[in-house]
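*Asks:* Sharing a structure with you now.
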Amino acid sequence: MRAIFWGLFAVVAVAPLPLGGNRPLGWSLLSLSVGLLLILWGSILARSGGSLATPFRKLRGPFVLFTLSVAWVLIQLIPNVPLELAHPGWRELNIFFGTDVAARITIDPGWTRTILMRWLAYAGIFWLAVQLCRDRQLARQALFGFVLVATVYALYGIVTLFAFDNRVLVYENWLGRQALSSTFVNRNSYATYAGLGLLAALALLSERWMSTRRRATGARQRIVEFLSTSVATHAYLLVAIFTISTALLLTGSRGGVASTLVALFALLLLTRRSGGKASLSGVVAQYTTVVIVIGGVFALSSDLLVDRLQRGDAQRAGIYQQTWNAIDDHVYGGAGLGSFPQIFQLYRYEEKPNPQFVERAHNTYLENLVELGVPAALCLFLSIAWLAYICWRGLGQRSRDLHYAALGCASTLLVGLHSLVDFSLQIPAVTMTYMFLMGLAVAQSFSSRR
-14 MRAIFWGLFA
-4 VVAVAPLPLG
6 GNRPLGWSLL
16 SLSVGLLLIL
26 WGSILARSGG
36 SLATPFRKLR
46 GPFVLFTLSV
56 AWVLIQLIPN
66 VPLELAHPGW
76 RELNIFFGTD
86 VAARITIDPG
96 WTRTILMRWL
106 AYAGIFWLAV
116 QLCRDRQLAR
126 QALFGFVLVA
136 TVYALYGIVT
146 LFAFDNRVLV
156 YENWLGRQAL
166 SSTFVNRNSY
176 ATYAGLGLLA
186 ALALLSERWM
196 STRRRATGAR
206 QRIVEFLSTS
216 VATHAYLLVA
226 IFTISTALLL
236 TGSRGGVAST
246 LVALFALLLL
256 TRRSGGKASL
266 SGVVAQYTTV
276 VIVIGGVFAL
286 SSDLLVDRLQ
296 RGDAQRAGIY
306 QQTWNAIDDH
316 VYGGAGLGSF
326 PQIFQLYRYE
336 EKPNPQFVER
346 AHNTYLENLV
356 ELGVPAALCL
366 FLSIAWLAYI
376 CWRGLGQRSR
386 DLHYAALGCA
396 STLLVGLHSL
406 VDFSLQIPAV
416 TMTYMFLMGL
426 AVAQSFSSRR
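Residue numbers (my numbering): -14 to 435.
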């Protein structure tokens, strides 16, 4: 199973390379790789006659909710559905062109199939992670490995921003923005990825403090132990925090930075909650070090972010209102997964003509409500929330390795908040990374005694 684990880790590690995986070749190869890993894992498990490391019954609730969402997407793809269910756009198309194209609920079957494929790949990554990372050693290696990978991408972004005229891999930055995006096209999407890397590094730092807390008795002794032992490990994590924080601020992403700060604060509280009252002095000492590092980074790298905070973005308010109008007309059935760019044009109204084509609502929740309809979208939202609840509950069930559960809660808070103002979860590399971390966190949230 270790070979499957490292194959899974390799998929997650290279996912940001092909422009965040947000190109047909990129997401197709990534999805194919996940499918092959699932087949190999299932074959090995069946041949060995072993059982699931994380029993299915523990994940039954989120699985049922996600399956309901997937089932509705499949229904959206069914051709020749009754006209009262089909999107009226098909009827208008047949009348205008005199054709007899099969009517469906979705207005864009091609994109619906493509995004459904990506959904299943994300679910496959979570499933493999939640089974393989039940092993405590593999979970630790996965988290350390991800922090290393996130640090490398952050360092690459910093170097390309200042030394290579902000190139995106081998391409010139066609967006013409002097902001860090690493291997991603959009800086906001990379900001979410960097935020996840920063949370992972801080979670590991928290784990190091908890280990010294168990070895030391007094608060002063804990601080001395924390600063004097495992110097190489602490130095590596502080370098990672410094590098990723610098890259995050250089993105100039208002939503990304704000969401990350809220998630960091939540991680602080969850660590405090898991450590009990006696750990307050240790948590303060630990995070004081982190705050000093991040504060120094902010002082050196925040000019772009401050400039963006001083500018408003009134256009999004209009997009939100027009999207709500589309939701009102697609409350139950939706317009089809992935159909937002097409359906939004029917509701677009601007007093001043704007030739720019709107592809995103800059709010993932609103897009899902338009595309899936309210019932299916709520099932999707609740399936993710349920996983976060499992992590929250794990803080009270586990007696060790609590940083995994705290990371799961904080990561969900990060991507959940940023999804209110951007579309990072629609970028394959971001969602693959998030589902990998959630699989790891959920696997380590169940008591090993049960």
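Glycine included, every Cβ here is placed at the ideal spot set by N, Cα and C.
From a predicted model like this one, the values you see are computed outputs, not experimental measurements.
1. So Pro47 is in the alpha helix (DSSP H); what residue range does that whole segment cover?
2. Just checking my contact of Thr308 with Ala391 at CB under 8 Å: how many whole Å lie between their CB atoms?
3. For Thr168 and Tyr156, what's the separation of their Cα atoms in angstroms?
4. Tell me which residues share the same chain as Phe329 and place their Cβ nearer than 6 Å to its Cβ, disregarding the 5 neighbours each side in the sequence.
5. Suppose you measure from the CA of Ile80 to the CA of Phe408; what does that come to, to the nearest Å?
6. Compare the C-alpha of Val512 against each of Ala362, Gly74 and Gly303 and name the closest.
7. Give a yes or no on contact between the stretch -6 to 12 and the stretch 414 to 421, applying the rule of three or more CB pairs nearer than 8 Å.
8. Nearest to Trp371 by alpha carbon, out of Leu(-7), Leu30, Gly11 and Pro47?
9. Would you mind stating whether Leu4 and Val170 have Cβ atoms separated by less than 9 Å?
10. Are Ile226 and Leu181 touching if we call contact CB-CB under 9 Å?
11. Between Val427, His403 and Asn7, which has its C-alpha nearest Tyr350's C-alpha?
12. Starting from Tyr317, follow the alpha helix (DSSP H) in both directions and report where the run begins and ends.
13. Among residues of its own chain, excluding the 5 on either side of Val86, which ones have a beta-carbon nearer than 7 Å to its beta-carbon?
14. Taking DSSP as the reference, what is the three-state secondary structure of Val343?
15. Identify whether Val153 lies in helix, strand or coil by the three-state DSSP scheme.
16. Determine the direct distance from the alpha carbon of Val355 to that of His388, and round the result to whole angstroms.
17. Quick one: residues in its chain with C-beta nearer than 6 Å to the C-beta of Ser191, no 5 flanking neighbours on either side, listed in chain order?
18. Hey, out of Asn7, Asn65 and Leu113, whose CA is closest to Ile24's CA?
19. Return the chain-ordered list of same chain residues with a C-beta closer than 7 Å to the C-beta of Met(-14), the five sequence neighbours on each side being excluded.
20. Report yes if the CB atom of Leu322 is closer than 9 Å to the CB atom of Thr91, and no otherwise.
21. I believe Thr39 touches Val115 by the beta-carbon criterion, under 8 Å. Please report the beta-carbon distance rounded to the nearest angstrom.
22. Am I right that Ala248 and Leu399 are in contact with their C-beta atoms under 8 Å? What's the rounded C-beta distance?
23. State the start and end residues of the unbroken alpha helix (DSSP H) segment that holds Gln440.
24. Roughly how many angstroms lie between the CA atoms of Ser54 and Leu123, to the nearest whole one?
25. Between Ala428, Pro64, Leu101 and Trp12, which lies nearest to Arg378 when the distance is taken from Cα to Cα?
26. Report the rounded CA-to-CA distance for Asn158 versus Arg152, giving the unit in angstroms.
27. Please report the distance separating the alpha-carbon of Ser175 from that of Leu235.
*Replies:* The short version:
1. Arg45 to Gln61
2. The Cβ separation is near 34 Å, so there is no contact.
3. 10 Å
4. These residues qualify, in order along the chain: Val343.
5. Ile80 and Phe408 have their alpha carbons spaced roughly 35 Å apart.
6. Residue 512 lies beyond the range of the chain shown here (-14 to 435); nothing can be said about it.
7. yes
8. Pro47
9. yes
10. Judged by their CB atoms, Ile226 and Leu181 are not nearer to each other than the 9 Å cut-off.
11. His403
12. Where Tyr317 is concerned, there is no enclosing alpha helix (DSSP H), given that its DSSP letter is neither H nor E.
13. Cβ-Cβ distances below 7 Å link Val86 to Trp75, Leu78 and Asn79 in the same chain, with the five nearest sequence neighbours on each side left out; the list follows chain order.
14. In the structure shown, Val343 adopts coil according to DSSP, grouped into three states.
15. strand
16. 36 Å
17. Thr256 and His388
18. When only C-alpha atoms are compared, the closest one is Leu113.
19. Beyond the five residues adjoining it in sequence on each side, Met(-14) comes within less than 7 Å, by CB distance, of Ile29 and Leu117 in the same chain, given in chain order.
20. yes
21. Contact between Thr39 and Val115 holds, with the beta-carbon distance rounding to 5 Å and staying under 8 Å.
22. Going by Cβ atoms, the distance from Ala248 to Leu399 rounds to 4 Å, so yes, they are a contact pair.
23. There is simply no residue 440 to check, as the chain begins at -14 and stops at 435 in what is shown.
24. 31 Å
25. That would be Ala428, whose Cα lies nearest to the Cα of Arg378.
26. It is roughly 5 Å from the alpha-carbon of Asn158 to the alpha-carbon of Arg152.
27. One point to set straight first is that residue 175 is Tyr, not Ser, in the sequence displayed. Distance between the alpha carbons of Tyr175 and Leu235: 11 Å.
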